[in-house]
Structures are given as structure tokens and as C-alpha cells.
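Everything below concerns the one structure shown next.
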Amino acid sequence: MPELPEVETVVRSLEPLVGRRIVSAEFRGARTLRGADPERLAAHLAGRRIRAIRRHGKFILMPLSGGRYLVLHLGMTGRLLLGGVPGKHTHAIFTLDRGVLQFDDSRQFGVIELHEDFPARLARLGPEPLEIAAEDFARELRRHRTSVKALLLDQTFVRGVGNIYADESLFRAGIHPLVRTARLSHGRAARLHRALVEVLTEAIAAGGSSISDYVNAEGRQGLFQVSHRVYQRTGEPCVTCGAAIRRVVVAQRSSHFCPRCQRR
DNA sequence: ATCGGTACCTGCACGC
DNA sequence: TGCGTGCAGGTACCGA
4 MPELPEVETV VRSLEPLVGR RIVSAEFRGA RTLRGADPER LAAHLAGRRI
54 RAIRRHGKFI LMPLSGGRYL VLHLGMTGRL LLGGVPGKHT HAIFTLDRGV
104 LQFDDSRQFG VIELHEDFPA RLARLGPEPL EIAAEDFARE LRRHRTSVKA
154 LLLDQTFVRG VGNIYADESL FRAGIHPLVR TARLSHGRAA RLHRALVEVL
204 TEAIAAGGSS ISDYVNAEGR QGLFQVSHRV YQRTGEPCVT CGAAIRRVVV
254 AQRSSHFCPR CQRR
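This is the structure:
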């Protein structure tokens, strides 16, 4: 589910938890902990204070008192809810000195981890797309040889872009998803950067896109799905030229594009 | 060093 | 009604 705008929205809605203390944590089965011992993890968390809540790409990072980092990833269907009702797919319940935070995830691609230091895996990710300069983005993009769609999804290139916002930004930039990055002019690469920044900024302002599962920590849906111009609109007319939107598979993911506005 | 393909999970919509 | 198929915001790992 959640890409940069959705994770950003969740992090913002978790703001009331900054400074709160974790009284206890309970974990239930599933692969959310990726084999870590639930009892041990709970023991490490009890009594710790949440010093901050930040987004790093699609990861949620919570530095705790005592120096450790609680790291969460929502995968495709993960939800963090303030005081939800535990259900079939609830995998973690954090009881705080004020309030409860619950982690639900039906597909179990989400992850909860505790790290001693800032995790190396996060340090290896590319820059935030809203922070990198257009010049640097364009130069780095052209250094690769893969398709532009695959590169946008590569978290070591830029962090936080997923399938929705890759397709939407390629549409706005008028670039076909299968175009090889090395063949894009500097100008078109810079135009893609601008489109990406626009799409992400608008999506954050709309609270993200709610396709099926996604809601923020207060249970509210995002609104940006109504602004999608190509994503999951296969067969529908292009908002610009009226041609039927097409779907191709790139990097094992559905890619939606307008065959007239986005030529190869 | 980079790439594409596969695996990991559950739920839903669809055609028969 | 039920069953099989394909698809869904994710990343990690494998071998070429």
C-alpha cells in the first residue's frame, strides 16, 4: 500500500505519540518480527520513551530513550492505528502511558524491528525525492541503463516512490515507463523530477491515496486516488488526449500509461 | 555491479 | 454456491 505520501501522512498522524512512554508491547505470531523473539523485543521496549517519529523513504523510524531505534515498515497492507480494536490481522499492540498503538497487516509484508543503531539498510537507500536537486536527479538517472519505471521503484536510487507515484509522475512528464534512462535527455530527466515532486507534494496534501486498505493512524482515508490520471485506469480515456490508458508489466509491476502522451 | 525473475502472504473480483 | 485465476500501495534474495 503505502508509498511516501501515505507513510508521511501516517507519521504526521502519529505526532501525539512523541514523548510518550511504552508501558508494554504484545506481539502475535505472523512474520512481522521476521523471526525475532517477541518476548525479548517486548522486554527491550518496556519503559522506553518515544523520542521522535520520522519517515525515511517508506520506513517509519522511532528513536527511543536508551539509544535504540524502533523501525516499522507497512509493506502492502500495514496499518498503524491509534487505539484500534484488535482483530484477525493485529500483530502488535503497544500500550503507552497515554493511548494505545496497534499494528495490523493482512498480507504480512510489513516489518517491525529493533536496532541498536541507525540501521545500515536504511542508510543504504537513495535520497528523498523531495530533497534531491533536479540537476543531481537528472545526472544520476542517466547513469543507469534500466527502464525509467524500474529505476523509480529502486529504493537505492530514490527512497519512497512506489507503483502509484511512479506511474503518475511518468504520465505528467510524458515519459513511457519502458524508456531506458540512459536515453533520456537531461531536460526530460529534469522534467520527470519536477513531475515527481509535484505528484508527491499534491498527494501528501491530500493525505495519500486510499486504494483498499490504506488509512492514517486516526483511521481516515486519503483522497489522492481521485486525482490518479493513469494508475489503475486501464481502458479509460486519457484525461489529456482521450486515448485509452494501457497497462504493461515492467519490473514485475503493472504500469499504466497513455500510449499517445507517453511515447517510447 | 546490475539486472530480471521468484518468493513471501491474504483478500478480492472475476469468469465458469 | 464454489472453485480456479489473476491481481493488489511492499522488499529480499537468487542466479545470470
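Residue numbers 4 to 267, in this note's numbering, belong to the letters of the first sequence in order. Backbone N, C-alpha and C fix where the C-beta goes; we use that ideal spot for every residue, glycine too.
A Cβ-Cβ distance of about 7 Å is found for the pair residue 227 and residue 205, placing them in contact under the 8 Å criterion. Taking a C-beta distance under 7 Å as the contact criterion, residue 11 and residue 167 do not qualify as a contact pair.
Residue pairing of residue 65 in beta bridges, as defined by DSSP: 73. A Cβ-Cβ distance of about 29 Å is found for the pair residue 55 and residue 137, leaving them out of contact under the 8 Å criterion. By a beta-carbon distance limit of 8 Å, residue 181 contacts residue 267. Their separation comes to about 6 Å. By the CB criterion at 7 Å, residue 187 and residue 169 fall outside the cutoff. The beta carbons of residue 235 and residue 259 sit about 7 Å from each other, so the pair counts as a contact at 8 Å. Contact annotation: the region 32–39 does not touch the region 52–71, with fewer than three C-beta pairs closer than 8 Å. If you compare the alpha carbons of 117, 177 and 225 with that of residue 62, the shortest gap goes to 117. Distance between residue 58 and residue 14, taken at the CA atoms: about 7 Å. Look at residue 170 here: in three-state DSSP terms it is helix. Counting C-beta pairs closer than 8 Å gives three or more between the region 106–113 and the region 83–96, which meets the contact rule.
Going by DSSP, residue 258 is part of the beta strand (DSSP E) stretching over 256–260. Beta bridge pairing from DSSP links residue 103 with 98. Just so you know, the alpha carbons of residue 241 and residue 47 end up roughly 52 Å apart.
The alpha-carbon separation between residue 147 and residue 183 amounts to approximately 8 Å. Straight-line measurement puts the Cα of residue 115 at about 38 Å from the Cα of residue 261. About 5 Å separates the beta carbons of residue 141 and residue 189, which is inside the 8 Å limit, making them a contact pair. Within the same chain, and ignoring the five residues on either side of residue 17 in sequence, the residues whose Cβ sits closer than 7 Å to its Cβ are 56, 83 and 220.
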